[in-house]
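Protein chains in written order, with the numbering used here: chain L, 11 to 357; chain G, 11 to 357. C-beta atoms are modelled at their ideal positions from N, C-alpha and C, and glycine is treated no differently. Structure first, commentary second.
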């Protein structure tokens, strides 16, 4: 045979973000209502001044969750919570959610009731309406497709690509906990597989387990910033780790950054467990995913307003386009920040 | 052991629509912007008079499509087309689409390029913007989550539950073709498995194959009805077969219906192939899915406007709540219409 072999590029060569960029690179919006298409936390649609935000997400059994340690009620809650987080990251308020559910007949109706109990509980807590969806079978396992719709005033929307040089970089809450919770659950799972009579002892780990299993979107921060009249210059939620997200802000805004290791908020439990796993806590914060905290930039003039708010840490500043993206370590070394966040396609 | 065994209800006991109803039965909308939640072709969100429509759909390899005979470009096109059809069924215009894609590394980048070529082609044809999405890996196979966003004027939106007694029932195009196309492809697949050297001969079947592989949403009909100033009293798109969809209109509007077999439009190719498969063509039209034509009701006063339009057939009328849902056959028998449409959960 002398036929030319068709080119085959493996998905792993591009990675998740590379793949999205590659597949959507020549997309041009035609509708005037499309204010923002691909490339932010949510799509932005103009409706006579008020903006509609839409974000969609797929959660896949065996990739994003493991049925061995994820209670279905928590899964439902988390599925809604992390999508609300995408709307929050645009400075918006989530209003509706649509749930696409694909399951094999391995699941019972009662199992799906648990899932929906969690979905409805998150809707209740965050005043979001369950407004539709699609339910179908799968050949194996469970797939969840979540679409959340929110709104924001046209002058309040915050994008990823609008940070300015010298803006301060802020982060909410603390980082790395959700990843440590995941490592802990994975360890208990492995131990259970080795000895099914083993009883997992997870006492003392409540905080990092709840960070992994029941993350909460920071709607409170959005309200608080509105109250003190501080509008972030750019914002993103931390789903893939601080390192990956700050690179998004830098690349999209065409800037560099300096972050300071000593300023990065990490909870004591996270530090202890990281040490148990022989991982440096800063690595957990930079590369661990799923904290769903907010990373945002503010103008320097807003520093006095921000600095006294508990739960917001100023961790660095934006620099010029040629200054690179660096972490200044506690011993004053400059370490380049590179993308090492969650990459579901690499698994 | 004397512990009570937990109840397990199989998914098949409820079926797809039963499951959605069951899981969402106590959902109450809290946001005033949620005009319509679960239970129509799309969610309806109010934005200062203009309504935003949002519909979401999951397509699952091995359930909704078979890689053996579905070219990826067609799959991408169809995924967008059938979601646009949901917006059309609300009398709206689709504006944006978000694509959630979950694939195993069995797929190459080139394969996904083909998929996106189809997605982009449909966006091009229907003036829809690709505005975002999510890409992730799967343990096996491909899952597509599609969300489409559209708009419609507040006084133009058409629901499923607003048909009135004596309204005329109309359908666009012809029915049953997509199902016959599917049976044909399944037959060729089985023959190929029996003898891999076999060359499939699909000549003469172009029409029904394109009905299955490349359905087109009836945006033309929406424009045409606007031009002649006829607003349907209720509308739904035919994704699960005429029988299932007319039952939705009847149940949601609290009415019965009479449809006339002789009036139901079926293409000659569909009739021939149905006979090849020893299926009655009317069964293909009633129970076959995926035609993506529109089923709608109009007030009797609009009959003269409608009757001369090629591509719209008046196939019956709505009756009182206690009159039942019947098909009047060509030999004047009354046959009750029951739900036998596509039920992906039963497979």
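query	result
Residue 313 of chain G versus residue 228 of chain G: straight-line alpha-carbon distance, rounded	20 Å
Touching by the beta-carbon criterion (3+ pairs, under 8 Å), the stretch 234-248 of chain L and the stretch 143-155 of chain L	no
C-alpha gap between residue 52 of chain G and residue 106 of chain L, whole angstroms	12 Å
Beta carbon proximity, residue 52 of chain G to chain L, threshold 9 Å	yes
Paired residues, beta bridge with residue 67 of chain L - DSSP	L/156
Within chain L, the residues that residue 174 of chain G reaches when beta carbons sit closer than 7 Å	Correct list: empty, because the minimum Cβ distance to chain L is about 25 Å.
Partners in chain G for residue 66 of chain L, counting only beta-carbon separations shorter than 9 Å	66, 108, 109, 110, 142, 143, 144, 155, 156 and 157
Cα-Cα separation, residue 330 of chain L to residue 268 of chain L	10 Å
Top-ranked residue by Cα proximity to residue 84 of chain G, from G/199, G/219 and G/201	G/219
The stretch 181-202 of chain L: positions lying closer than 7 Å to chain G by Cβ	none
Coarse secondary structure for residue 202 of chain G, derived from DSSP in three states	helix
CB contact flag (residue 4 of chain G, residue 86 of chain G, <9 Å)	Because chain G is modelled from 11 through 357, residue 4 of chain G falls outside the range shown and cannot be assessed.
Residue 357 of chain G at chain L interface by Cβ criterion, 9 Å	Because residue 357 of chain G sits at a pLDDT of 32, beneath the cut-off of 50, its placement in the model cannot be relied upon, and the following sentence gives the value as read from the coordinates. With 9 Å as the cut-off, residue 357 of chain G counts as an interface residue toward chain L.
CB contact below 9 Å: residue 258 of chain L versus chain G	no
Three-state secondary structure assigned by DSSP to residue 119 of chain G	helix
Enclosing beta strand (DSSP E) for residue 268 of chain L [first to last residue]	266-270
Interfacial residues, the stretch 75-98 of chain G to chain L, with Cβ spacing under 8 Å	none
Residue 158 of chain L to residue 90 of chain L span [Cα, whole Å]	8 Å
Any C-beta of chain G under 9 Å from that of residue 11 of chain L	Low confidence applies here, because residue 11 of chain L scores a pLDDT of 41, under 50, leaving its location unreliable; read the following figure in that light. No, residue 11 of chain L lies away from the interface with chain G (no Cβ there is under 9 Å from its Cβ).
Nearest neighbour of residue 322 of chain L, chosen from L/230, L/101 and L/165 [CA to CA]	L/230
Within 9 Å, strictly: CB atoms of residue 273 of chain G and residue 345 of chain G	no
Candidates G/88, G/98 and G/95, of which the one nearest residue 127 of chain G by Cα	G/88
Supposed contact pair residue 70 of chain G and residue 254 of chain L - C-beta distance, whole angstroms, cut 8 Å	The pair is not a contact, with the Cβ atoms about 29 Å apart (cut-off 8 Å).
Distance, residue 79 of chain G Cα to residue 284 of chain G Cα	20 Å
For residue 353 of chain L, three-class secondary structure by DSSP	For residue 353 of chain L, the predicted model reports a pLDDT of 43, less than 50, meaning its position is unreliable; a value from the coordinates is still stated below. In the structure shown, residue 353 of chain L sits in coil (DSSP, three-state: anything other than H, G, I, E or B).
Three-state secondary structure (DSSP) of residue 190 of chain L	helix
Closest residue to residue 146 of chain L among G/343, G/234 and G/72 (Cα-Cα distance)	G/72
Chain-ordered neighbours of residue 115 of chain L on chain G, where CB pairs are closer than 7 Å	20, 21 and 22
Interface residues of chain G facing residue 55 of chain L [CB-CB closer than 8 Å]	62, 105, 106, 141 and 159
Inter-residue Cα distance where the pair is residue 278 of chain L and residue 305 of chain L	21 Å
Cutoff 9 Å: residue 41 of chain G Cβ touching any chain L Cβ	yes
Chain L contact residues for residue 137 of chain G, given Cβ-Cβ distances below 9 Å	40 and 41
Residue span of the alpha helix (DSSP H) that contains residue 84 of chain G, given as start and end	82-98
Beta-carbon separation (whole angstroms), residue 102 of chain L vs residue 160 of chain L, contact threshold 8 Å	4 Å
Residue environment, residue 303 of chain G, which counts as buried when at least 16 other CB atoms sit within 10 Å	buried
Chain G contact for residue 44 of chain L (CB, 9 Å cutoff)	yes
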